[in-house]
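Engineer: Convert by adding 15 to the 1-based position in the sequence shown; the result is the number in this note's numbering. Glycine included, C-beta positions come from ideal geometry on N, C-alpha and C. First, the structure itself, so that you have it in front of you.
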Amino acid sequence: MQIKNQHVYWIHRLITLIYLLGFILLGFGILQKFDLDALIAFLILVFVFGWMMYLHFIASLEAEKGSERGRRISRFIAVILVFLFPIGTILALYLFYKTSSNEWQK
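If you want it as structure tokens, here you go:
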């Protein structure tokens, strides 16, 4: 199967891998000094960032197909990324551009 929106696909896949790497490193950090407060903080972070990782993964799958759902999810993620200055803002602007009606491949 050919990837229809390669740039959007790879951005979301890369961010998914960054979240996964962060979970692994955070898990190792929790195991080094285990206490209840650290475990609660870890579970909260897993919930929040796990949700974002899931959204990026679904957006990459849908961008690969060129579906309208993938376009909407990518734009929703871009709205969140706008506030993560400076790198998130740059990625968000690029995602807004690549998910515009002129650039999106169905």
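By how many angstroms is the C-alpha of P101 removed from the C-alpha of F38?
Structural biologist: 22 angstroms
Engineer: Classify Y24 as buried or exposed, calling it buried when 16 or more other Cβ atoms lie within 10 Å of its own Cβ.
Structural biologist: buried
Engineer: Would you mind reading off the limits of the alpha helix (DSSP H) that contains S89?
Structural biologist: E83 to L96
Engineer: Could you spell out the range, first to last residue, of the alpha helix (DSSP H) harbouring W25?
Structural biologist: In this chain, the alpha helix (DSSP H) harbouring W25 covers Q21 to Q47.
Engineer: Are three or more beta carbon pairs between the stretch 57 to 65 and the stretch 101 to 112 nearer than 8 angstroms?
Structural biologist: no
Engineer: Report all residues from its chain with a CB closer than 7 angstroms to the CB of A53; omit the five preceding and five following residues, and keep chain order.
Structural biologist: I45
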